[in-house]
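Just so it is clear: in the sequence shown, position 194 is 829 by the working numbering, and no numbers are missing.
Idealized CB from N, CA, C, for every residue including glycine.
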Amino acid sequence: MQTKIKEFLVGGDRIDHLKWWDLVILAVIFFGYSTYISTVGFLALEDPILGDLTPAEFSTNDNYEAFFDQLFFFVIAAVYLILRRFNFKQWTIRITLKSTFAAIVIFVGVALLFDAYHSIVALFIQPLESAIEAAEASEVIGQSNLEALIAKLDLSLVLFSLQNGFYEEIFFLGICLSVAPKYRVAAFIFSLVVRTVFHTYQGLSSALAIGLILGIAFYFLYTRSKDKNLYPFFLAHAICDVVGLAILYLFGI
């Protein structure tokens, strides 16, 4: 009996390429609930384009609840892939000092792109009054942004960020790109749409930035990497969750 179970889990013929309907089913498993919550939040926004001036604050309980929610959905997705006899061995996840440094470089690069994007939004889209209010809101902290970031760090935030980096990128870079080469562009576009729709609670401006800037940058860097190591993208995403998708603000710029 044990031999048969082991053979089913790791042995026999495995599929390297998923079908389009696999992606749809897995997208619903991974992000169906969060898309619903995000849509409800989006409909409640006073400004659906820019969203709230100040970022949402998540408590320790919120982080742990999100952690276990994602763990639950990931287990369901993993069972689905096992039943589909998916070849997990085609994914490379290798933790090294070099790949950790690469993750930091990826984060800095993407964060600078977001800084540029937010600057453009502030200049051409965001009304002057809103820009002033946002600036005043950031000064209420009473300490530097870097000090405030360090002060808010706790175990729940770090654990959830690490899990979320893995959770999202294993879908967008791992699963969505595990299709036949001729369908890869379509799968990539699908991934951008999915990445955008469950961030709409932040406003369309931020959701589109996350979906397009982050999504395109990660896809471009991953597909052109020699070793196709997913780990740097897991970690870079996790750093984004902790620090935010910007970096210059930490230094008062």
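Assigned secondary structure, residue i (DSSP; H/G/I helix, E/B strand, else coil)
i, result
"THR727", "strand"
"ASN799", "helix"
"PHE721", "strand"
"ILE650", "strand"
"ALA881", "coil"
"LEU788", "coil"
"GLU764", "Low per-residue confidence applies at GLU764: pLDDT is 46, beneath 50, and the placement is therefore not dependable, though the value from the model is reported in the following sentence. Residue state, collapsed to three classes: helix."
"PHE693", "coil"
Straight-line Cα distance separating residue j from residue i
i, j, result
"THR695", "LEU792", "7 Å"
"GLU774", "LEU758", "Bear in mind that the predicted position of GLU774 carries a pLDDT of just 48, short of 50, making it too unreliable to give a figure here."
"TYR752", "HIS652", "35 Å"
"ASP909", "GLY676", "Because the chain spans 636 through 888 in this model, residue 909 falls outside it and cannot be assessed."
"THR674", "ARG830", "13 Å"
"ILE805", "PHE869", "8 Å"
"VAL828", "TYR818", "16 Å"
"LEU788", "VAL877", "8 Å"
"ILE845", "GLN705", "19 Å"
"ALA786", "LEU885", "13 Å"
"ILE874", "ILE741", "10 Å"
"LEU790", "LEU797", "11 Å"
"ASN799", "PHE709", "11 Å"
"GLY850", "SER826", "8 Å"
"PHE707", "HIS872", "20 Å"
"PHE736", "ARG729", "13 Å"
"SER840", "ILE848", "11 Å"
"LEU794", "PHE693", "13 Å"
"ASP862", "VAL756", "36 Å"
"LEU808", "LEU865", "8 Å"
"GLY852", "ALA713", "Inspection of the sequence shows that residue 852 is occupied by Ala rather than by Gly. Going from the Cα of ALA852 to the Cα of ALA713 covers about 26 Å."
"THR731", "ALA746", "23 Å"
"PHE801", "PRO867", "10 Å"
"SER754", "VAL743", "16 Å"
"GLN837", "LEU880", "12 Å"
"VAL663", "SER669", "9 Å"
Where the alpha helix (DSSP H) through residue i begins and ends
i, result
"GLU865", "Checking the sequence, you will find Leu at residue 865 rather than Glu. No alpha helix (DSSP H) contains LEU865, which DSSP labels as neither H nor E."
"ALA738", "732-759"
"TYR854", "850-859"
"ASP682", "Where ASP682 is concerned, there is no enclosing alpha helix (DSSP H), given that its DSSP letter is neither H nor E."
Would you call the stretch 654-661 and the stretch 802-819 touching, i.e. three or more CB-CB distances under 8 Å? yes
Inspect the CB distances between the stretch 820-840 and the stretch 699-706 and report whether three or more fall short of 8 Å. no
I'd like the ranges of any alpha helix (DSSP H) spanning at least 4 consecutive residues and lying wholly in the stretch 796-843. 819-832, 839-843
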